[in-house]
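*Asks:* When the letters of the sequence shown are read in order and numbered with mature numbering (1 follows the signal peptide of the UniProt record, and there is no 0), they come out as residues -30 to -1, 1 to 320.
Glycine included, C-beta positions come from ideal geometry on N, C-alpha and C.
Just so we're clear, the structure is a prediction, and the values are computed from it rather than from any experiment.
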Amino acid sequence: MRAFGHLGAWWRCATLLSLRLMFFLPAGLPVRSQGDSQSDNKVMDNVTVRQGETVFLSCAQGDFVTHTAWLNRSSILYAGEDKWSVDPRVSLVTLNQEEFSIKIENVDMTDEGQYICAVQTSSKPRTTSVHIIVQVPPKIMSLSKDIVVNEGSNVTLMCSASGKPEPSVTWKLLSPSGHGLSSDDEYLEIPAITRQRAGMYECTAVNEVSTDVQTVELTVNYAPSVVEGKDVGVTLGQRGVLQCEADAVPQADFEWYRDDRRIFNGFDGIEIEDDGALSKLTFFNVSEADYGNYTCVAINKLGAANTSIVLYGESKIIEPTTRCSTQPTAQWIFFSACLINITIFILTTK
């Protein structure tokens, strides 16, 4: 068996050498038409194929063919119907008097290069060479992580991609406020960033094959700012609500004060309810002692802001009656009669 193995290896080497000599194919050198009278060499147009697709390679045979082979660089893929390549993706499609064709499935970048079909006839050898170009879809290889910065910081976002042809890379801010903020480069520079530039940034890599898109979230922290508070008038015994609204990142915490004294939830029947950017101070039964000046303070790690709100008393208005009867009632007649009798009595006594 060992002797047979050595013999098989020797036979392969001898066959490879004979093919190279037969078709004048020095190892590693591409075949080009030189106008050689002893050979008929043909260079076909390049074949462009996308990564993952199947490519078919075909050449004409003709009459009186004694030997034929497909080669990739210096490696024999097929010698006639005998497969020399160990790559399972390479297979024979057609071998007859007219055509000798093979196919390569699931093409990859390693398959790019020159392929040669060598045919030996009874008169002279001829070769057909074709160059395979493999196109690769873009793939974003490196991308900035989601980032959190303070307002006023300088920011650089990076996005690099591979592919063939080489992809173009662009950046843009997806927020409506980001109109005009874009970059036709791997890097997007944002000096002295403001809160309006926060949002999702999209990196797009494009070539002739396809598109790859990924996003980065950019968060901008800033100190709170509060909406000016509106004074509230409430009648005694009624329900009163003071509201405080703040804009901040990170979200602000709220504190309420009456003069210099902090108010806590449940204090004297008062309820404090925070809901995101809004805080409410609720009185369920306003008393005289509740009237006065209140301060709302919004706080986060970058600063604080406050606003004052006055809770004041509002008089209860009694609406006058507007109904008037044109017909005398029994009570009115009785009252009028009594008034007349009293008047007569007073005059008589005088």
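Rounding to the nearest angstrom, what Cα-Cα distance links residue 138 and residue 168 in this structure?
*Replies:* Against the sequence shown, residue 138 aligns to sequence position 168. Against the sequence shown, residue 168 aligns to sequence position 198. Cα-Cα distance, rounded: 24 Å.
*Asks:* Any idea if residue 315 is buried or exposed, counting beta-carbon neighbours within 10 angstroms, 16 or more meaning buried?
*Replies:* For the purposes of this step, residue 315 is taken as the residue at position 345 of the sequence shown. Note that residue 315 has pLDDT 44, beneath the 50 cutoff, so the model's placement of it is unreliable and the number below is only indicative. Residue 315 is exposed by the Cβ-count criterion.
*Asks:* Just tell me which of 171, 203, 145, 275 has its CA closest to the CA of residue 156.
*Replies:* Along the sequence shown, one-based indexing puts residue 156 at 186. Ranking the options by Cα distance to residue 156, first place goes to 171.
*Asks:* Drop a sphere of 10 angstroms on the beta-carbon of residue 86, count the other beta-carbons inside from all chains shown, and report buried for 16 or more, exposed for fewer.
*Replies:* Mapped onto the sequence shown, residue 86 falls at position 116. It counts as buried.
*Asks:* Is the CB-CB distance between residue 110 and residue 82 below 8 Å?
*Replies:* Position 140 of the sequence shown holds residue 110. Position 112 of the sequence shown holds residue 82. In this structure, residue 82 does not lie closer than 8 Å to residue 110 by Cβ.
*Asks:* Do you know whose CA, among 25, 63, 197, lies nearest residue 277's CA?
*Replies:* Along the sequence shown, read from residue 1 onward, the residue named residue 277 stands at position 307. Of the listed residues, the one whose Cα sits closest to residue 277 is 197.
*Asks:* Considering just the uninterrupted stretch of the beta strand (DSSP E) at residue 164, what are its terminal residues?
*Replies:* Position 194 of the sequence shown, counted from the start, is the residue given in the question as residue 164. Neither: residue 164 is in no beta strand (DSSP E) and is coded neither H nor E.
*Asks:* Counting C-beta neighbours from all protein chains within 10 Å, is the total for residue 231 16 or more, i.e. buried, or is it exposed?
*Replies:* The residue given as residue 231 occupies position 261 in the sequence shown. Answer is exposed; the Cβ neighbour count stays below 16.
*Asks:* Roughly how many angstroms lie between the CA atoms of residue 12 and residue 100, to the nearest whole one?
*Replies:* Here residue 12 is taken as the residue at index 42 of the sequence shown, counted from 1. Here residue 100 is taken as the residue at index 130 of the sequence shown, counted from 1. When rounded, the distance between both Cα atoms is 9 Å.
*Asks:* Does the count of Cβ pairs from the stretch 252 to 272 and the stretch 214 to 229 closer than 8 Å reach three?
*Replies:* yes
*Asks:* Per DSSP, residue 54 is paired with what?
*Replies:* Counting from 1 along the sequence shown, the entry for residue 54 is found at position 84. Partner(s): none; residue 54 has no beta bridge.
*Asks:* Does DSSP put residue 24 in a helix, in a strand, or in coil?
*Replies:* The residue labelled residue 24 in the question sits at position 54 within the sequence shown. Coil.
*Asks:* With burial defined as no fewer than 16 other Cβ atoms inside 10 Å of the residue's Cβ, what is the status of residue 255: buried or exposed?
*Replies:* Mapped onto the sequence shown, residue 255 falls at position 285. Counting Cβ neighbours within 10 Å, residue 255 comes out exposed, since fewer than 16 surround it.
*Asks:* Do residue 275 and residue 268 count as a contact pair if the criterion is CB distance below 8 Å?
*Replies:* In the sequence shown, counting from the first residue as 1, residue 268 sits at position 298. In the sequence shown, counting from the first residue as 1, residue 275 sits at position 305. Yes, these two residues count as a Cβ contact at 8 Å.
*Asks:* For residue 61, which residues from the same chain have a beta carbon less than 7 Å from its beta carbon, with the 5 sequence-adjacent residues on both sides left out?
*Replies:* For the purposes of this step, residue 61 is identified with residue 91 of the sequence shown, where counting begins at 1. Taken in chain order, the residues that qualify are 72, 73.
*Asks:* Less than 8 Å between the C-beta atoms of residue 39 and residue 88, yes or no?
*Replies:* As a position in the sequence shown, residue 39 is number 69, starting the count at 1. As a position in the sequence shown, residue 88 is number 118, starting the count at 1. Yes, these two residues count as a Cβ contact at 8 Å.
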